[in-house]
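Take a look at the structure set out below.
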Amino acid sequence: MHQSMCLLVCLDEFCAAALPEMTEKREFRAIKGTRDIRPPDSALWNWFEQRAREVFEAYNFREIRLPIFEETDLFARSIGADTDVVGKEMYTFEDRDESSVSLRPEATAGVARAYIEHGMHTLPGNVKLYYIGPMFRRERPQKGRYRQVYQIGAEVLGQSDAPAIDAEVLEMLMVLFQRAGLALTTLYINSIGCRDCRPKYVDVLRRELRNIQDQLGADSQRRIETNPLRVLDSKLPEEQSIIETLPRIADHLCAACRQHFSELKDELNLRGMAYRENWRLVRGLDYYTRTTFEVTAEGLGSQNAVCGGGRYDGLVELLGGHPTKGIGFAIGSDRAILSIQDGGQAPKLPGLGVFVAWMSTATYPAAVRIAGKLRDGGVSLELPPEEMKFKKSLGLADKLGARYALIIGEDEVASGTFTLKRLADGEQKKFKENELLEYLESERRV
Ligand code: HAM
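Residue 44 in our numbering is what sits at position 38 of the sequence shown, and the numbering runs on without skipping anything.
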């Protein structure tokens with residue numbers, strides 16, 4: 007049995023054996039390639055995800071929430087058993103009933119499975135879905151590359167493969183990047199043909215690669231037989247000039263694929279969208295047909311792809327569904343957020359609004375009451391759980407980054423008038439209890 011499977015199955019025995027040592031102190035750290043997304047960064051993540059939801063819903067996409075793990079075979083069939091993602095990077099384990107399950111390395115396969123399982127082909131029009139969540143790939147961690155990676159993806163499934171669908175998906179993606187302030191993005195597009203024309207091109211490519219194989223590195227040499235298209239993806243500097251001389255798929259597309267790609271470009275032009283063609287953009291997952299695309303952002307180093315996607319017209323059928331067309335993308339949120347931060351485009355998000363500086367137990371009931379009202383009105387507010395000296399209270403309010411301190415002393419409670427102190431400049435204003443919320447709301451709008 008595989009070691010990780012053994013751990014899962016034998017957990018009870020493990021706990022029993024380990025019990026005496028469990029009382030000894032031991033520190034834990036997040037597993038390599040995973041991390042905690044903490045405040046204040048988590049606010050930027052929520053902000054970005056919220057922008058995505060708004061943009062996607064404006065294009066009539068609706069959210070689907072998928073399981074984090076699925077049958078291993080779903081990924082092997084969809085993504086391809088010979089790909090790096092399935093062959094080297096999946097977290098796979100044997101469940102207690104001995105079935106093989108894997109943490110999802112991506113979500114397109116799960117969307118296609120759900121589409122078939124719930125008979126979504128009977129829904130009117132195209133089915134437009136989006137998802138937000140973690141994926142798992144056992145890659146070598148580095149800047150912008152994690153083992154738990156977060157994606158925001160969108161997929162369109164249905165009967166039509168009109169290039170206008172591809173163009174609308176790309177428009178939506180670039181609108182989101184623009185609204186989120188992603189610095190200097192470039193959209194690359196390509197067509198990798200269909201079931202008819204691609205195998206013929208792959209044969210031509212393989213033949214040519216065999217002729218020049220001694221000029222290639224070990225990885226590319228192996229790929230000549232397993233997956234020659236992946237040779238085009240090589241980043242090895244010494245292979246670049248050789249790859250430039252290889253036959254290009256554009257010269258081998260069938261008439262229908264050529265027309266589809268040409269119409270896609272017309273559609274992008276119609277929308278005034280900037281793009282670059284990249285004939286080497288083949289993508290690392292097997293399900294793609296025709297349109298493939300990637301978006302890169304500056305300042306991310308070698309891991310600069312913030313989004314990848316393409317058309318996958320045969321996938322649903324391959325998984326036992328009706329013939330269905332599909333296209334979609336996934337944004338790597340980790341990289342998108344890095345790019346927003348590095349580009350200095352991160353919005354200033356509202357933090358703590360009010361710190362309640364209450365003094366003496368006699369004022370505590372008023373402090374609880376007013377805090378409740380302001381929180382009900384949507385104000386982010388901190389109410390210290392224990393009495394504090396006034397100076398200490400203001401000091402903490404400052405350190406917490408509160409915008410205001412609300413001063414509640416015995417005089418204030420007696421007079422029903424409370425002081426709001428703006429911490430940035432010390433300006434103080436007095437308000438009746440029922441005026442506080444209105445004032446804070448008007449300030450928030452500024
Ligand atoms: P992908 O190109 O494998 O495509 O991943 C999409 C994006 O996820 C990448 O461009 C990158 O930003 C991010 N990403 C992937 N792996 C990592 C990692 N280890 N660390 C950080 N970021 C990463 C897919 O997953 C397809 N399912 C996209 C798709 C949807 N195609 C059609 N529909």
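Ideal placement from N, C-alpha and C gives every residue a C-beta, glycine not left out.
Predicted model, so just to flag it, every value in this text is computed and none were measured.
One thing to note: S345 has its Cβ no nearer than 8 Å to the Cβ of E416. Of the residues assessed, I74 falls on the exposed side of the cut-off, its CB having fewer than 16 other CB atoms within 10 angstroms.
Residue I255 holds the alpha-carbon nearest to the alpha-carbon of D202 among E95, D340, I255, T192. Listed in chain order, the non-local C-beta contacts of K94 below 8 Å within the same chain comprise R144, local neighbours out to five positions each way being set aside.
Runs of the alpha helix (DSSP H) lying entirely within the segment 377-420, each at least 4 residues long, are 396-405 in chain order.
For G307 and E30, the gap between their C-alpha atoms comes out near 43 Å. As DSSP reads the structure, M141 sits in a beta bridge with V155.
Of the residues A186, E231, N275, the one whose Cα lies closest to the Cα of G350 is A186. Between the alpha carbons of Y293 and Y410 lies a distance of about 55 Å. Exclusion of D239 from the 7 Å shell around the ligand HAM follows from its C-beta lying no nearer than that to any non-hydrogen atom of the ligand. Fewer than three pairs of CB atoms, one per stretch, sit closer than 8 Å, so the segment 352-367 makes no contact with the segment 323-339. In this structure, A186 has its CB at a distance of at least 7 Å from all heavy atoms of the ligand HAM. Boundaries of the beta strand (DSSP E) harbouring C313: 311-317, taken from the DSSP string. No heavy atom of the ligand HAM is found nearer than 7 Å to the CB of G93. Judged by DSSP secondary structure, T114 falls outside any beta strand (DSSP E) and instead within the alpha helix (DSSP H) spanning 114-123. Scanning its chain for C-beta atoms nearer than 8 Å, with the 5 sequence neighbours on each side dropped, one finds around I376 the residues V362, L412, I414, F424, E439, L442, in chain order. A straight-line Cα-Cα distance of about 33 Å links E269 and A82. Going by beta carbons, L211 and P253 fall inside the 8 Å limit. For S339, the closest alpha carbon among the candidates R151, P46, T295, A120 is that of R151.
Residue state for L179 is assigned as helix, using DSSP reduced to three classes. Residue pairing for V133: DSSP places it in a beta bridge opposite L163.
In the DSSP assignment, Q434 falls within the beta strand (DSSP E) that extends over 434-438.
A408 and E392 do not touch by the CB rule: their CB atoms are close to 17 Å apart, not below 8 Å. G422 counts as exposed, since fewer than 16 other C-beta atoms from the protein chains shown sit within 10 angstroms of its C-beta. Taking C-beta atoms under 8 Å as the contact rule, N233 and D88 qualify, at a distance of about 6 Å. About 20 Å separates the Cβ atoms of G131 and G159, ruling out a contact at the 8 Å cut-off.
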